[in-house]
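Below is one structure, written out as structure tokens, with a few remarks after it.
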Amino acid sequence: MTLRLPVYMDHAATTPCDPRVVEAMLPYFTEKFGNAGSRNHKFGWEAEDAIDTAREQVASLLGCNEKEVVFTSGATESNNLAIKGAAEMYEKRPAGETGRGHIITCAIEHKAVLDPVKRLVKEGFDATFLQPPTDGVITAEMVRAALREDTILVTLMWANNEIGTINEVPQIARLCKDRGVIFHTDATQWVGKMPTDVEKDGIDLLSFSGHKIYGPKGVGALYVRRRNPRVRLVAQVDGGGQERGFRSGTHNITGIVGLGKAAEICRLEMDAEGARLSKMRKRMETALTHAIDVSQINGHAEKRLPHIANISFGFVEGEGLMMAVKNIACSSGSACTSASLEPSYVLKGLGVGDELAHSSLRLSMGRWTTDEQVDYAIAEITKAVHKLREMSPLYDMHKEGIDLSTVEWAHH
Ligand SMILES: *Cc1c(COP(=O)(O)O)cnc(C)c1O
65 MTLRLPVYMD HAATTPCDPR VVEAMLPYFT EKFGNAGSRN HKFGWEAEDA
115 IDTAREQVAS LLGCNEKEVV FTSGATESNN LAIKGAAEMY EKRPAGETGR
165 GHIITCAIEH KAVLDPVKRL VKEGFDATFL QPPTDGVITA EMVRAALRED
215 TILVTLMWAN NEIGTINEVP QIARLCKDRG VIFHTDATQW VGKMPTDVEK
265 DGIDLLSFSG HKIYGPKGVG ALYVRRRNPR VRLVAQVDGG GQERGFRSGT
315 HNITGIVGLG KAAEICRLEM DAEGARLSKM RKRMETALTH AIDVSQINGH
365 AEKRLPHIAN ISFGFVEGEG LMMAVKNIAC SSGSACTSAS LEPSYVLKGL
415 GVGDELAHSS LRLSMGRWTT DEQVDYAIAE ITKAVHKLRE MSPLYDMHKE
465 GIDLSTVEWA HH
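Residue numbers for the sequence shown follow the numbering used here, beginning at 65 and rising by one.
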């Protein structure tokens with residue numbers, strides 16, 4: 065069979081919708097088009113029933129009560145509601161003053177966490193942005209050292225979207241519970257891939273998104289704990305009072321149905337899928353780091369998601385590498401900010417140098433990734449790196465045994 069190109073290796077950015085999800089959604093575009101807010105007729109009841117079913121499907125994936133699920137437009141909105149909503153609810157001083165309360169997060173969180181926290185800092189809150197160690201894993205000890213008398217919220221992702229590393233979330237949640245501090249986790253990369261039990265782990269708020277778990281784009285959810293403690297939030301969208309007042313607006317019924325179905329499939333299939341993807345990822349990591357010298361796996365070797373590999377290759381130029389592997393749809397260690405290519409702040413945060421950060425690839429596999437695709441990616445990347453190095457005088461010097469750190473570079 066011939067391979068269809070390009071090969072998709074960017075499941076951490078988004079996933080295709082599972083056909084079973086699409087099938088579940090279809091009737092809600094046409095014959096079952098009701099508004100769940102219409103309480104007086106069959107169309108409304110049908111929509112409400114569909115939302116109830118989705119809420120149960122999501123609740124069983126998270127290990128919570130269905131009343132604790134708030135549907136949103138995705139993880140970005142869930143994070144904004146959790147972080148701003150909790151900060152405004154639990155603040156120590158009113159808006160307009162400083163010292164409203166202290167928030168702990170990490171420098172390598174997703175922008176959908178960093179930017180809400182930065183906005184709160186502008187509005188009078190204090191924040192600590194924990195610096196990760198070189199393996200990328202945030203531990204409970206790091207959080208313990210950063211907790212203050214006035215800490216009101218800790219927000220730390222469960223798994224990192226760029227390097228795939230897993231933070232000590234259950235331990236951190238326990239610590240926050242002991243200190244009476246609200247704990248939120250952006251679990252967008254974790255949920256649906258790894259077993260989740262918010263009740264057992266004592267998590268207060270958890271965000272995730274449909275399009276990272278083979279559901280549709282533009283829908284997600286926020287888990288909001290209702291007991292021990294009952295978490296309150298200031299709503300960020302005002303209006304009709306849907307979702308227990310946490311999130312007004314007519315329900316995205318097709319999206320919610322799709323999210324529910326996607327959650328159910330993940331719950332039933334994640335164990336087998338995770339085992340399969342983990343084997344694939346390890347095979348890819350081993351093959352690439354063996355075939356290519358001066359290469360490194362970024363992030364902790366074991367404390368990581370099954371499906372995300374992040375590898376840096378020395379002595380190649382980032383843009384050249386991306387061009388050379390254009391038949392593999394993956395992410396690079398460069399973020400396009402305006403006109404310039406900035407090295408990824410996540411890799412920089414781990415202490416990866418600018419050059420190596422630029423020449424990094426994030427390869428993330430998914431439900432329909434085949435062994436044949438993995439073989440192809442390994443061969444293409446190996447070929448590309450070797451080819452680029454043929455033109456690298458620095459690589460020649462390295463091979464001749466010259467310690468490049470002792471070479472004096474001309475400044476310009
Ligand atoms: C994709 C992602 C988001 C954003 O999710 P949307 O649903 O696209 O808003 C937030 N956090 C993490 C960790 C992600 O991977």
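Where a beta carbon is used, it is the ideal one built from N, C-alpha and C, also for glycine. Fair warning: this is a prediction, and the values are worked out from it, not measured in the lab.
- Rounded to whole angstroms, residue 188 and residue 301 show a C-alpha spacing of 21 Å.
- Residue 237 is positioned such that its CB atom lies closer than 7 Å to that of residue 267.
- If you check the CB distance, residue 233 and residue 252 do not come in under 7 Å.
- The shortest C-alpha to C-alpha distance from residue 442 to any of 353, 381, 407, 360 is the one to 353.
- In the same chain as residue 177, and ignoring 5 residues on each side of it, the C-beta atoms closer than 8 Å to its own belong to 143, 147, 169, 219, 221, 250, in chain order.
- The DSSP-derived three-state label of residue 442 is helix.
- Residue environment for residue 205: exposed (fewer than 16 other C-beta atoms within 10 angstroms of its C-beta).
- The segment 267-284 and the segment 80-93 touch, with three or more beta-carbon pairs separated by less than 8 Å.
- Put simply, of 355, 96, 124, 162 the residue whose alpha carbon is nearest the alpha carbon of residue 112 is 96.
- Judged by DSSP in its simplified three-state form, residue 79 adopts coil rather than helix or strand.
- DSSP assignment within the segment 119-160 yields the following whole beta strand (DSSP E) runs of 3 residues or more, N-terminal first: 133-136.
- Of the residues assessed, residue 430 falls on the buried side of the cut-off, its CB having 16 or more other CB atoms within 10 angstroms.
- Taking C-beta separations shorter than 7 Å and ignoring five residues to either side along the sequence, the partners of residue 307 in its chain run 134, 135, following chain order.
- Proximity of the beta carbon of residue 374 to ligand 1 is not indicated: no heavy atom of the ligand is located closer than 6 Å.
- Of the residues assessed, residue 105 falls on the exposed side of the cut-off, its CB having fewer than 16 other CB atoms within 10 angstroms.
- In this structure, residue 283 keeps its C-beta atom at 7 Å or more from the C-beta atom of residue 149.
- Under the three-state reduction of DSSP output, residue 242 falls in the helix class.
- For residue 323 and residue 256, the gap between their C-alpha atoms comes out near 11 Å.
- Put simply, the backbone Cα of residue 159 is about 20 Å away from that of residue 212.
- By alpha-carbon distance to residue 351, the top candidate from 469, 375, 363, 339 is 375.
- When DSSP reads this structure, residue 170 sits in a beta bridge with 194.
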